[in-house]
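Colleague:
There are 2 protein chains.
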Amino acid sequence: MNNDSSNLKLAKKRVTLKDIARVLDLSHATVSRALNGSSDPMISQKTIERVQSAAAELGYRPNRAARSLSTGQTGLIGLWLWTEVFQGSYHAAVSRMMHAEAMRRSRQLIVDCVARPSLLSSSERSFDSWSVDGIISHESGPAFETMYPNGNYPNVPIVSTGAYHWLEHVDQVRVNMIDGAEHAMIHLLAPGRRRILYVTDDLRSRQGDCRFQSYVRQMETAGNRLEFLETNGTRRGTRERLTDYIAKAGVPEGLFCHNDDMAIGAYRALCDLKLRVPEDVAIVGFDGIEDTEYLEVPLTTVSQPFEQLCSLATQFLDDRIEDPTRSLQQVELKAELIVRDSS
Amino acid sequence: MNNDSSNLKLAKKRVTLKDIARVLDLSHATVSRALNGSSDPMISQKTIERVQSAAAELGYRPNRAARSLSTGQTGLIGLWLWTEVFQGSYHAAVSRMMHAEAMRRSRQLIVDCVARPSLLSSSERSFDSWSVDGIISHESGPAFETMYPNGNYPNVPIVSTGAYHWLEHVDQVRVNMIDGAEHAMIHLLAPGRRRILYVTDDLRSRQGDCRFQSYVRQMETAGNRLEFLETNGTRRGTRERLTDYIAKAGVPEGLFCHNDDMAIGAYRALCDLKLRVPEDVAIVGFDGIEDTEYLEVPLTTVSQPFEQLCSLATQFLDDRIEDPTRSLQQVELKAELIVRDSS
DNA sequence: CGTGATACCGCACACGGTTGCATAAATGAA
DNA sequence: TTCATTTATGCAACCGTGTGCGGTATCACG
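In order, the protein sequences belong to chains A and B. Its first residue numbered 868, the first sequence is counted upward by one per residue in my numbering. Its first residue numbered 868, the second sequence is counted upward by one per residue in my numbering.
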């Protein structure tokens, strides 16, 4: 009966459909259908039960590679992060939530990072050869728009998240930060502050960003001089650069930081200099990552709806994979100014 | 020549070995060998070049599923995180670095989380059916030890990271935190502090942890009363629980926190209560995550060598995959007390 | 008992690679 | 020219699943 005793523990091969078929004296096709609940050729209830119990007993686990080869679906979805080695709390938060969402849908997420357009081709190759069922492109720059229309991925559904503009023929979740950015600037300027410093990583590539534009618009409306500080985008780098900057240019009245990591680095620099927040310098950041809540002075920030973003994006991708011809889904979420103690 | 114009954009099928073979009037076997640099049957240099240029021109990308089916290797490695939905900065840091390491070795990482042993079976199934080439089990509890010897994964190499004890027959990277914990306690007690509160998530499951043991040992040596605070392990939860605790039990002189997240939550609670750190209450955390550096009072912590941990673990896994019979690799790293301003 | 409908099941191929072995071509030596 | 040897390529089987289509029991019904 049970000849699978402990006589040979090694070479314990993985059990396949054929093994089940052999034990039950069926064909592997029947076993496959019994397990997958196939409907076209009817399988008797009795057989289904026999197969299922045998599968459970033998510890059968489908071979994903074989199934993929046959069905063309891998169960993998790819997340593109437009950054180097997905540094930064924002990308960490996004990837973590995307991951959780993917697992909820019994998919697995693989992540790839691409910062410069020049890396695009290699990243393409990566996902393409992994044969992902779909891609979530979480971009914060115009690279996607220049890439996608080329049709590099004709057969792989893509959902875009975080693009600045609406894209044509692409399912999309977009976070509108215009209101948040406007409110943030108005909020910063309200107490009569005039000298607001805009802190960002790559100034040139941020020209199209609504944060940048809100800053410029509100500052010009108020008749203030524009002031920029460029850093490498990290906490450490921002801390150092701001310290230098203040030594040279004096103390600004407010900081408008492109994201929370830079805001946190800036906060630390101000601590080093014994400047009080917000009395001496006010700070506003963007993203709403958890860390900003736990500083001694919790930071004001424009919070992104991470959960909704990730949930909708994976939902859209699922929908598209299920029905490639379905109607487009495009949703706009809003980022919201959360006023805390730093402003 | 180029009949791949824009005449039919749809139905652009993926190019396979056979397509290349047809164009070049070769067999797909030869093409395969030419691309893989196979050595046993020699391929002429001329043919190799022809094949490679044709592959590049046609945009050939190997189908990973098919290759996996044939070779039995998927290029995927699995990371087990022993936590719910891998929350917490520590797990985030580990998964990010593991990810980077995996990509450096042109592998992809998939992550699965399992907190309670009851989830183990489903997690097993997950990785098993995804056919990972290997698993890195980043556990901080005894679950692995009770699971692995059962031989649930007879064919999949496993590297254990973060286990408390040496395991037999398992490649392992272990972080020794005993010295760090001892130093931390000695450091906390040095200025004559007597009332040190141990803050942890699940007290019962931490009994075997060297942090717990160092705390008990040093406190008993000093003749102090033991004092514990149990939280849910999050920043928010720790903040709330500690606030409640202090209201009831008064202000301790020092906090010995099981990890940095709890230390950060505790720090915030102290800020709420207008208590000064470290004058009123000293704080020591564990892990050395980046966030602790950027508080107004940078936290003292026992820092784990993340980079080395992840680099070695993936290295060991690679080695084991390459040669399943090779000698065991077990390495111990040391966590180090980093004294900052909170103590 | 014959016939057709129906419910089940198996055969065989496909998916896209890898690889052992046979074979063809080229080369060299006798 | 012939044969042995090296070099280069093709044939075919295989990995494990999914699936169209044809085949075989079963049964009802006339």
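Heads up, the beta-carbon is just placed ideally off N, CA and C, and yes, glycines get one too.
Measuring only between beta-carbons, confirm whether Ala959(A) sits less than 8 Å from chain B.
Modeller: Residue mapping note: residue 959(A) aligns to position 92 of the first sequence, counting from 1. Answer yes: the Cβ-Cβ gap between Ala959(A) and chain B drops below 8 Å somewhere.
Colleague: Quick check on DSSP: helix, strand or coil for Ala1149(A)?
Modeller: Taking the first sequence and counting its residues from 1, the one referred to as residue 1149(A) is at position 282. Three-state result, Ala1149(A): strand.
Colleague: Quick one: grab the DSSP three-state call for Met964(B).
Modeller: Numbered from its first residue, the second sequence carries residue 964(B) at position 97. If DSSP states are grouped into helix, strand and coil, Met964(B) belongs with the helices.
Colleague: Can you list, in chain order, the residues of its chain with a C-beta nearer than 6 Å to that of Asp1154(B)? Leave out the 5 residues immediately preceding and following it.
Modeller: Here the question's residue 1154(B) lines up with position 287 in the second sequence. The residues are Tyr957, Asn1126, Asp1127 and Gln1171.
Colleague: Once DSSP output is grouped into helix, strand and coil, what is the label at Asn1019(B)?
Modeller: The sequence position of residue 1019(B) within the second sequence is 152, counting from 1. Confidence at Asn1019(B) is low in this model, with a pLDDT of 49, below 50, so its placement is unreliable and the value that follows should be read with caution. Three-state DSSP puts Asn1019(B) in coil, outside helix and strand.
Colleague: Let me know the alpha helix (DSSP H) ranges lying completely inside the stretch 1045-1081 of chain B, each 4 residues or longer, listed in chain order.
Modeller: Whole alpha helix (DSSP H) segments, 4+ residues: 1045-1056.
Colleague: In this structure, how does DSSP classify Arg1041(B) when only helix, strand and coil are distinguished?
Modeller: In the second sequence, the residue the question calls residue 1041(B) occupies position 174. Correct three-state label for Arg1041(B): strand.
Colleague: Is the separation between the beta-carbon of Thr1098(A) and that of Val1066(A) shorter than 8 Å?
Modeller: Sequence index remark: in the first sequence, residue 1098(A) carries index 231 (1-based). Sequence index remark: in the first sequence, residue 1066(A) carries index 199 (1-based). Result yes, Cβ atoms of Thr1098(A) and Val1066(A) sit closer than 8 Å.
Colleague: Using a 10 Å radius around the Cβ and a threshold of 16 neighbouring Cβ atoms, would you call Gly904(A) buried or exposed?
Modeller: Looking up residue 904(A) in the first sequence gives position 37. It is exposed - the Cβ of Gly904(A) has fewer than 16 other Cβ atoms within 10 Å.
Colleague: Across the stretch 1137-1149 of chain A and the stretch 1111-1119 of chain B, are there enough close Cβ pairs to call them in contact, namely three or more that are closer than 8 Å?
Modeller: Contact between the stretch 1137-1149 of chain A and the stretch 1111-1119 of chain B is absent, because fewer than three Cβ pairs lie under 8 Å.
Colleague: Measuring only between beta-carbons, confirm whether Asn854(A) sits less than 8 Å from chain B.
Modeller: Residue numbering for chain A in the displayed model covers 868 to 1210; residue 854(A) lies beyond these limits and cannot be assessed.
Colleague: Can you give the beta carbon distance from Met1044(A) to Arg1078(A), rounded, assuming they're within the 8 Å contact cut?
Modeller: Here residue 1044(A) is taken as the residue at index 177 of the first sequence, counted from 1. Here residue 1078(A) is taken as the residue at index 211 of the first sequence, counted from 1. Met1044(A) to Arg1078(A), Cβ: 7 Å. Contact.
Colleague: At the 8 Å Cβ level, is Val978(B) part of the contact set with chain A, yes or no?
Modeller: As a working note, residue 978(B) is residue 111 in the second sequence. By this cut-off, Val978(B) is an interface position.
Colleague: Whose C-alpha, out of Tyr1112(A), Arg900(A) and Val1040(A), is nearest the C-alpha of Tyr1031(A)?
Modeller: Indexing the first sequence from 1 puts residue 1031(A) at position 164. For the residues Tyr1112(A), Arg900(A) and Val1040(A), the minimum Cα distance to Tyr1031(A) belongs to Val1040(A).
Colleague: Judging by CA-CA distance, which residue of Gln1196(A), Val1198(A), Leu948(A) and Ser1209(A) is the nearest neighbour of Gly1152(A)?
Modeller: For the purposes of this step, residue 1152(A) is taken as residue 285 along the first sequence, with counting starting at 1. Closest by alpha carbon: Ser1209(A).
Colleague: Under 7 Å between beta-carbons, which chain B residues line up against Ile1131(A)? List them in chain order, please.
Modeller: Indexing the first sequence from 1 puts residue 1131(A) at position 264. Chain B residues near Ile1131(A): Tyr1161.
Colleague: Which chain A residues sit within Cβ distance under 9 Å of Leu936(B)?
Modeller: Stepping through the second sequence from its first residue, residue 936(B) is reached at position 69. The contacting residues are Asn930, Ala932, Ala933, Ser935 and Leu936.
Colleague: Give the straight-line distance between the Cα atoms of Cys1157(B) and Ile1150(B), rounded to the nearest whole angstrom.
Modeller: Within the second sequence, numbered from 1, the residue matching residue 1157(B) stands at position 290. Within the second sequence, numbered from 1, the residue matching residue 1150(B) stands at position 283. A small correction: the amino acid at residue 1157(B) is Glu; Cys does not occupy that position in the sequence shown. Looking at the two C-alpha atoms, the distance is approximately 16 Å.
Colleague: Buried or exposed, going by whether 16 or more other CB atoms sit within 10 Å of the CB of Arg1108(B)?
Modeller: Start at 1 with the first residue of the second sequence, and residue 1108(B) comes out as number 241. By the 10 Å Cβ count, Arg1108(B) comes out buried.
Colleague: Taking the continuous alpha helix (DSSP H) assigned at Glu924(B), which residues delimit it?
Modeller: On the second sequence, position 57 is the one that residue 924(B) refers to. Here the alpha helix (DSSP H) through Glu924(B) covers Gln912 to Leu925.
Colleague: Taking Cβ positions only, does Val882(B) come closer than 8 Å to chain A?
Modeller: Translated into positions along the second sequence, residue 882(B) becomes position 15. No - not a single Cβ of chain A is within 8 Å of the one on Val882(B).
Colleague: Just the Cα atoms here: how many angstroms apart are Val961(B) and Gly1100(A)?
Modeller: Start at 1 with the first residue of the second sequence, and residue 961(B) comes out as number 94. Start at 1 with the first residue of the first sequence, and residue 1100(A) comes out as number 233. Cα to Cα, the separation comes out at about 21 Å.
Colleague: Please check if any C-beta of chain B sits within less than 8 Å of the C-beta of His966(A).
Modeller: The residue given as residue 966(A) occupies position 99 in the first sequence. For His966(A), the answer is yes, since a Cβ of chain B falls inside 8 Å of its Cβ.
Colleague: Is DSSP giving Leu1109(B) helix, strand or coil here?
Modeller: Translated into positions along the second sequence, residue 1109(B) becomes position 242. Looking at Leu1109(B) - three-state DSSP - the assignment turns out to be helix.
Colleague: For the alpha helix (DSSP H) that contains Thr897(A), what are its first and last residues?
Modeller: Locating residue 897(A) in the first sequence gives position 30, counting from the first residue. Segment His895 to Asn903, the alpha helix (DSSP H) holding Thr897(A).
Colleague: Quick check on the DSSP output: the alpha helix (DSSP H) that includes Asp1186(B) runs from which residue to which?
Modeller: Working through the second sequence from its first residue, we reach residue 1186(B) at position 319. Phe1173 to Glu1189 is the span of the alpha helix (DSSP H), which, as asked, contains Asp1186(B).
Colleague: For the stretch 926-943 of chain A against the stretch 928-940 of chain B, do three or more pairs of beta-carbon atoms, one drawn from each stretch, fall closer than 8 Å, so that the two count as touching?
Modeller: A contact exists between the stretch 926-943 of chain A and the stretch 928-940 of chain B.
Colleague: I want to verify the contact list: residues of chain B whose CB lies under 8 Å from the CB of Thr1098(A), in sequence order.
Modeller: Start at 1 with the first residue of the first sequence, and residue 1098(A) comes out as number 231. Correct list: empty, because the minimum Cβ distance to chain B is about 14 Å.
Colleague: Under 8 Å between the Cβ atoms of Ser1004(B) and Ile1025(B)?
Modeller: Within the second sequence, numbered from 1, the residue matching residue 1004(B) stands at position 137. Within the second sequence, numbered from 1, the residue matching residue 1025(B) stands at position 158. Result yes, Cβ atoms of Ser1004(B) and Ile1025(B) sit closer than 8 Å.
Colleague: Taking only three categories from DSSP, how would you classify Thr1028(A)?
Modeller: Working through the first sequence from its first residue, we reach residue 1028(A) at position 161. Reduced to three states, the DSSP call for Thr1028(A) is strand.
Colleague: Hey, quick one: how far does the alpha helix (DSSP H) through Lys885(A) stretch, first residue to last?
Modeller: Position 18 of the first sequence, counted from the start, is the residue given in the question as residue 885(A). Counting along the chain, the alpha helix (DSSP H) containing Lys885(A) begins and ends at Leu884 to Leu891.
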